[in-house]
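Data first, discussion second: the structure below is written as structure tokens.
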Amino acid sequence: MRRSSFSHRITKAVIPAAGLGTRFLPATKASPKEMLPLVDKPVIQYVVEEAVAAGITEIIIVTGRTKRAIEDHFDAATELEQLLKTNGKVRLLEELTQLTRLANICYVRQPRPKGLGDAILCAEPFLSNEPFAVLLGDDVITSPAPAIAQLIDVYERFGRSVVAVQPVATKELRRYGVIKGEPVDRDLYRVETLVEKPTVRQAPSRLGIVGRYVLTPSIFRALRSLPPGHGGEIQLTDALRRCAVSDGLYAWKLTGQRYDAGDKLGFLKATVELGLKHPELGRAFRSFLRRLPARAE
Numbered sequence: 001m002r003r004s005s006f007s008h009r010i011t012k013a014v015i016p017a018a019g020l021g022t023r024f025l026p027a028t029k030a031s032p033k034e035m036l037p038l039v040d041k042p043v044i045q046y047v048v049e050e051a052v053a054a055g056i057t058e059i060i061i062v063t064g065r066t067k068r069a070i071e072d073h074f075d076a077a078t079e080l081e082q083l084l085k086t087n088g089k090v091r092l093l094e095e096l097t098q099l100t101r102l103a104n105i106c107y108v109r110q111p112r113p114k115g116l117g118d119a120i121l122c123a124e125p126f127l128s129n130e131p132f133a134v135l136l137g138d139d140v141i142t143s144p145a146p147a148i149a150q151l152i153d154v155y156e157r158f159g160r161s162v163v164a165v166q167p168v169a170t171k172e173l174r175r176y177g178v179i180k181g182e183p184v185d186r187d188l189y190r191v192e193t194l195v196e197k198p199t200v201r202q203a204p205s206r207l208g209i210v211g212r213y214v215l216t217p218s219i220f221r222a223l224r225s226l227p228p229g230h231g232g233e234i235q236l237t238d239a240l241r242r243c244a245v246s247d248g249l250y251a252w253k254l255t256g257q258r259y260d261a262g263d264k265l266g267f268l269k270a271t272v273e274l275g276l277k278h279p280e281l282g283r284a285f286r287s288f289l290r291r292l293p294a295r296a297e
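What follows is the structure in structure tokens.
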């Protein structure tokens with residue numbers, strides 16, 4: 001397929017992280033769900049590292065009143081760094097200082113949790129009327145090529161907004177925005193319409209939108225004119241439906257393993273699988289898991 005002559009390098013990303021994390025209460029009463037640890041890193045660090053691996057240099061994290069820990073995590077910790085230096089813990093020191101150099105990260109608050117669409121609107125002043133990536137702060141995706149990089153490649157071919165999709169189990173459709181699309185190429189669809197959290201009968205396909213997007217500035221025009229949608233919130237899916245008609249929208253069937261770390265079971269699955277892949281802990285952890293059935297008896 002020929003590459004479009006349209007091209008605008010994607011250098012900015014938005015990470016919405018203002019949700020209340022009610023599914024993890026009481027653990028998230030005073031700590032952001034995005035800061036829950038997966039092995040030895042908080043969830044949101046995996047997401048930031050994916051963006052950086054895809055060439056993103058500026059990241060806008062949309063936070064809320066209880067999310068200060070996210071800002072502190074990516075900031076310098078002078079006293080801790082000095083302690084590690086004094087104790088000769090060079091590797092840990094390098095890991096901590098590297099956090100402050102990942103990207104230029106800024107923060108904007110979403111005053112009230114009014115939906116994903118509203119969170120994206122909060123970031124508009126930082127985006128200079130240019131296309132940008134969106135990575136949900138509790139979706140961790142492992143793949144040979146960074147998940148968001150796959151979408152950026154599609155954007156560079158067509159100059160249109162792109163959403164990531166994956167096949168969804170029938171019983172899970174009510175948790176997703178679901179697309180109706182026309183196949184364009186292998187794993188690529190031109191989106192005709194979208195339905196937010198449909199019933200099985202309402203669902204136009206089994207392809208659900210997962211937490212990665214590349215959006216053009218036209219999304220803001222659509223968001224500003226939207227009435228509240230499902231749950232009384234400003235739904236990004238509703239704005240994307242309008243953009244599919246007015247500007248064109250593509251969907252890419254993502255290559256990679258996605259973990260919904262905003263869900264208890266998804267978080268447990270991510271912990272186990274990432275633990276098994278850990279270069280220092282993986283072998284011992286695998287051995288422990290193999291012994292579990294015998295211990296249970």
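Residue 1 is where the sequence shown starts when you use the working numbering, and the numbers rise one by one after that. We treat Cβ as the ideally placed atom computed from N, Cα and C, and that holds for glycine. All values derive from a computational prediction rather than experimental measurement.
- According to DSSP, leucine 194 shares a beta bridge with Ile179.
- In the structure shown, glutamate 34 adopts helical secondary structure according to DSSP, grouped into three states.
- Pairing glycine 117 with arginine 224, the inter-Cα distance amounts to about 9 Å.
- Taking the Cα of leucine 281 as reference, the smallest distance to any Cα among Gly21, Arg9 and Leu38 is reached at Leu38.
- Taken atom to atom, the span from the alpha-carbon of arginine 201 to that of threonine 97 is near 51 Å.
- In this structure the stretch 139-149 does not touch the stretch 71-78; the number of beta carbon pairs closer than 8 Å is below three.
- When secondary structure is reduced to three states using DSSP, alanine 164 falls in the strand class.
- Sorting Glu182, Val214, Leu254 and Ala261 by C-alpha distance to the C-alpha of phenylalanine 24 places Ala261 at the top.
- The beta carbons of valine 168 and valine 162 sit about 18 Å from each other, so the pair does not count as a contact at 8 Å.
- In this structure, Gln45 is the residue among Arg175, Gln45 and Leu236 with its C-alpha nearest to the C-alpha of histidine 73.
- About 7 Å separates the Cβ atoms of phenylalanine 267 and leucine 36, confirming a contact at the 8 Å cut-off.
- Inter-residue distance for valine 272 and tyrosine 259 is about 11 Å (C-alpha atoms, whole angstroms).
- Within a 10 Å sphere around the beta-carbon of valine 214 sit 16 or more other beta-carbons, which makes this residue buried.
- The alpha-carbon of leucine 254 is positioned some 7 Å away from that of alanine 147.
- Contact annotation, lysine 67 with alanine 27: C-beta distance approximately 15 Å; criterion of less than 8 Å not satisfied.
- DSSP places glutamate 79 in the helix class (H, G or I) of the three-state scheme.
- Separation of the CB atoms of alanine 222 and arginine 242 is rounded to 4 Å, and the pair is thereby assigned contact status at 8 Å.
- In summary, glutamate 50 is buried, with 16 or more beta-carbon neighbours lying within 10 Å of its beta-carbon over all protein chains present.
- Listed in chain order, the beta strand (DSSP E) runs fully inside the stretch 51-101 are 58-63, counting runs of at least 3 residues.
- Cβ-Cβ distances below 7 Å link alanine 123 to Val14, Ile60, Val62 and Val108 in the same chain, with the five nearest sequence neighbours on each side left out; the list follows chain order.
- Looking only at Arg91, Lys12 and Gln166, the smallest Cα-Cα distance to alanine 103 is reached by Lys12.
- Residues of the same chain with a CB within less than 8 Å of the CB of alanine 149, apart from the 5 flanking positions on each side, are Ala53, Ala54 and Gly55 in chain order.
- Beta-bridge pairing by DSSP links isoleucine 152 to no other residue.
- In the three-state DSSP reduction, leucine 215 falls in the strand class (E or B).
- Within the same chain, Cβ atoms closer than 7 Å to the Cβ of valine 210 are found at Asp139, Ala164, Val165, Gln166, Leu254 and Arg258, the five residues on either side in sequence being excluded.
- Taking a contact as a CB-CB distance under 8 Å, the pair isoleucine 70 and glutamate 34 counts as one, their CB atoms being some 6 Å apart.
- Going by DSSP, aspartate 118 is part of the alpha helix (DSSP H) stretching over 116-122.
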